[in-house]
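If you're matching positions, the sequence shown starts at 0 in numbering that gives the first Met the number 0 and goes up one per residue. All residues carry an ideal CB built from backbone N, CA and C; glycine is no exception. Below: one structure, written as structure tokens.
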Amino acid sequence: MHIVKKFPQVDGDLGWLESSADWNIPLGKRVKGTNEFDIAIIGAGFTGLSLALRLAEINPSTRIAVVDALRVGEGTSGRNAGFLIDLPHNLDGGKTDVEYARALYKLNTFAIERLRGFKDQYQIVGWNDAGKYMAAHEEKNLSGLDHFVSILEDAGFEYEMVTGANLHKRLGTDYYRSAVYTPGNVLVNPAALVRGLVKALPSSVTLFENSPVQSIEYGPPHQLNFLGGKISSKILIQATNSFSEEFGKLSNQLAPIFTYASLTPPLSEEQIGKYFNGVSPWGLHLLIQLEPLLDSHTISEFL
């Protein structure tokens, strides 16, 4: 038996989650008693839920359990920058990289359209086809935009160069000197999106929230032990991100990296009129900084 010693924690207010509709309504239940499934998935983020959805599509009769230590939307999937990118931020030169960029673009757009289908079918809010700006302020970074444009042209991707007064008008700030706009990026409320995916789960999938795994007895059958209950399954899948080492199969192989974010209170109509009059929601990438201006009239900055 392997004992789990570290668990995900909610630290502070969760801006994305708390700005989602019905954010305080439980989507799953706690694990109680003895439960048997064909497949158990640890982690109810985008990876875990996507796995459950796809496995249920392939074999609708498979009994699947998805368990999470927190509520859906409280973990990493609900606490990121909210960009569904079609084009990667860091395109580099070279013909090999151009082919790689095209392949990655194809994969990314497939994922975006699959999520769009769920969004449309289940009325998931917080979705905006705003595109993305790659922007520069300092002189030394302007050449990087030129290089980015050359790769976009080599790969045949659509883009627009925006500078000066036009950029100021679009962003509501004159801080950035130049930007490359690509239209395929989507801005989302990630907590609303990942919680919305739960609506797509068929009856063959059971979601358990607020159920941290206390220990594991590897099989098969595998047994997950919880406070007040247990789950046994023929197949066990870990979609546990930076907590994967806690389950005994990996050791000293992961280096978790996290960023910090800030979210403003809703801006007043006076502030909107003064600083962002006529400005549509936008997403911007500057080196390692992501800043979306949201439909809810708030600004989020990820550093």
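DSSP state of residue i mapped onto helix, strand, coil
| i | result |
| --- | --- |
| A102 | helix |
| Q213 | coil |
| G228 | strand |
| M0 | coil |
| W15 | helix |
| G282 | strand |
| Y132 | strand |
| K28 | strand |
| D10 | coil |
| N107 | helix |
| Y180 | strand |
| N79 | coil |
| K5 | coil |
| H167 | helix |
Straight-line Cα distance separating residue j from residue i
| i | j | result |
| --- | --- | --- |
| G282 | P25 | 30 angstroms |
| A129 | A199 | 25 angstroms |
| N23 | L226 | 23 angstroms |
| L48 | G163 | 43 angstroms |
| W15 | A190 | 6 angstroms |
| L235 | I63 | 10 angstroms |
Residue i versus the options, residue with shortest Cα-Cα distance
| i | options | result |
| --- | --- | --- |
| E157 | Y132, A164, S142 and Y174 | Y132 |
| R78 | R194, I150 and E159 | R194 |
| K118 | N188, E208, I236 and P219 | N188 |
| A110 | L83, A100 and Y121 | L83 |
| G42 | E245, G116 and G11 | E245 |
| Q237 | I271, E138 and H221 | H221 |
| Q122 | S267, A20 and V3 | A20 |
| L208 | G247, V71 and T33 | Note on identity: in this sequence residue 208 is Glu, with Leu being the wrong assignment. The option with the nearest alpha carbon to E208 is V71. |
| T75 | I256, Y175, P59 and N251 | I256 |
| L170 | G247, M0 and Y274 | Y274 |
Sequence-distant residues of its chain with Cβ nearer than 8 angstroms to residue i (five each side left out)
| i | result |
| --- | --- |
| G277 | K168 |
| R113 | none |
| T61 | D37, I38, L54, A55 and S203 |
Endpoints, beta strand (DSSP E) assigned at residue i
| i | result |
| --- | --- |
| D37 | G32 to I41 |
| A254 | Neither: A254 is in no beta strand (DSSP E) and is coded neither H nor E. |
| L262 | A260 to L262 |
| L206 | V204 to F207 |
Span of the alpha helix (DSSP H) around residue i
| i | result |
| --- | --- |
| G143 | E138 to A154 |
| Y274 | E268 to Y274 |
| I57 | F45 to I57 |
| L186 | Careful: L186 lies outside any alpha helix (DSSP H), inside the beta strand (DSSP E) at V185 to V187. |
Cβ neighbours of residue i in the same chain (closer than 6 angstroms, five flanking residues each side left out)
| i | result |
| --- | --- |
| D153 | V97 |
| F6 | A68 and P211 |
Residues of its chain near residue i, where Cβ-Cβ distance is below 7 angstroms and the 5 sequence neighbours each way are ignored
| i | result |
| --- | --- |
| P182 | G130 and E157 |
| L206 | L26, G27, A43, V65, V197 and L200 |
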